[in-house]
Amino acid sequence: MTATGSNEAERRAAMAAARAAAHAPQADGSTGDEGADRLSRFFAVRQRGDRESAERSRILKKILPWVTGVVLVALLSWPFINQHSESITLSYKDLIGQSEQVRIKGAHYTGVDARDRPFEVMADEGLQERTDSDYATLTKVEASMELSPQDKVAVTGGTGKYDRAKERLSLASGITLDSSTGYKLQTDQAEVDLATKVASGTVDVTGSAPFGSFSAKGFTLKLDDRQLTLEGNVKVKLDPGKRMTDRGKAGH
Numbered sequence: 001m002t003a004t005g006s007n008e009a010e011r012r013a014a015m016a017a018a019r020a021a022a023h024a025p026q027a028d029g030s031t032g033d034e035g036a037d038r039l040s041r042f043f044a045v046r047q048r049g050d051r052e053s054a055e056r057s058r059i060l061k062k063i064l065p066w067v068t069g070v071v072l073v074a075l076l077s078w079p080f081i082n083q084h085s086e087s088i089t090l091s092y093k094d095l096i097g098q099s100e101q102v103r104i105k106g107a108h109y110t111g112v113d114a115r116d117r118p119f120e121v122m123a124d125e126g127l128q129e130r131t132d133s134d135y136a137t138l139t140k141v142e143a144s145m146e147l148s149p150q151d152k153v154a155v156t157g158g159t160g161k162y163d164r165a166k167e168r169l170s171l172a173s174g175i176t177l178d179s180s181t182g183y184k185l186q187t188d189q190a191e192v193d194l195a196t197k198v199a200s201g202t203v204d205v206t207g208s209a210p211f212g213s214f215s216a217k218g219f220t221l222k223l224d225d226r227q228l229t230l231e232g233n234v235k236v237k238l239d240p241g242k243r244m245t246d247r248g249k250a251g252h
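Residues 1 to 252 (the UniProt record's numbering) are what the sequence shown spells out, left to right.
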């Protein structure tokens, strides 16, 4: 069997296991089908549109990789914007339906993107207050993606609120990105417009990279253009010694 065939078989097996878990008898004797159906309808895959100082800004565009901002937003919003429904598997530890409320614990999304790069998104808990509500809240969100064999990225976020009607995802509290290639970005707030695929933040952004460190009062990220812009009191501290040290470590 080819590697692609093997991956597909594994994904289908995982999906089958998740479906079986959803139909398994619960403590109260119910199967959890109703809650699972609600969850499925709420998180239905939406159709995406077609894919695809001035001197300091010029420097930043060259030395800050676009993928830092893209992965930060895309990973945390992946279950909402991915257009290939069969490429995502959702599993969970517990599904609780109380009156109109649907609560899912230990949500775990796994899959591959259009370039066959594996990713996973996890949340301690997801909550929809009413079946007719346009809002869902995720807590303690974690995500990771392997961009290449040499570049792995991990993202964490305290909470996320999804507004289905407005197609917006709000992220808050301790959003952090770490890359195995030496990049780190931290902020406490981000708003993602899933329709236009534009993200923005209006609170402090700080980060470090192989070339040094940077900070700003906000950011705007255009996913389609792969462009990350730092805004407001942008500061960049170049540290040539740090870059040389990193190169020395890489050589050993």
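Using N, Cα and C, we set each Cβ at its ideal position, and we do this for glycine too.
Just so we're clear, the structure is a prediction, and the values are computed from it rather than from any experiment.
Query	Result
Whole-angstrom distance between D134 and D178, CA atom to CA atom	32 Å
F214 vs K235 beta-carbon contact at 9 Å	yes
Per DSSP, cross-strand counterpart(s) of Y183	Beta-bridge pairing links Y183 to no other residue.
Completely contained beta strand (DSSP E) runs for the region 154-209, where each covers 3 or more residues	168-179, 184-193, 198-201, 205-209
Element boundaries [beta strand (DSSP E), containing K235]	235-238
Enclosing beta strand (DSSP E) for G212 [first to last residue]	212-216
Identity of the residue in T229, E142, A107 nearest E125 by Cα	A107
Classification of E55 by the beta-carbon crowding that lies within 10 angstroms, buried from 16 upward	Unreliable positioning characterises E55 in this predicted model, as indicated by a pLDDT of 46, which lies under 50. The coordinate reading is nonetheless provided below. Answer is exposed; the Cβ neighbour count stays below 16.
Distance, K184 Cα to G157 Cα	14 Å
Through-space distance from V155 to T176, alpha-carbon basis	6 Å
Three-state secondary structure (DSSP) of G126	strand
T206 burial status per 10 Å Cβ neighbour count (16 or more: buried)	exposed
Helix, strand or coil at P149 according to DSSP, with G and I counted as helix	coil
Reduced DSSP secondary structure (H/G/I, E/B, other) of G232	coil
T187 vs F219 beta-carbon contact at 9 Å	yes
One or two residues paired with K222 in a DSSP bridge	V198, Q227
Own chain partners of V141 with C-beta closer than 6 Å, once the 5 adjacent residues on each side are dropped	L76, A123, G157, G160
Residue from K222, D239, T202 whose Cα sits closest to the Cα of A209	D239
Rounded C-alpha distance that separates E231 from L138	28 Å
Buried versus exposed call for G201 [16 or more other C-beta atoms within 10 Å across all chains shown]	buried
Environment of V203 [buried if 16+ CB atoms lie within 10 Å]	exposed
Pick from V153, L228, A136 that is closest to E167, judged by C-alpha positions	A136
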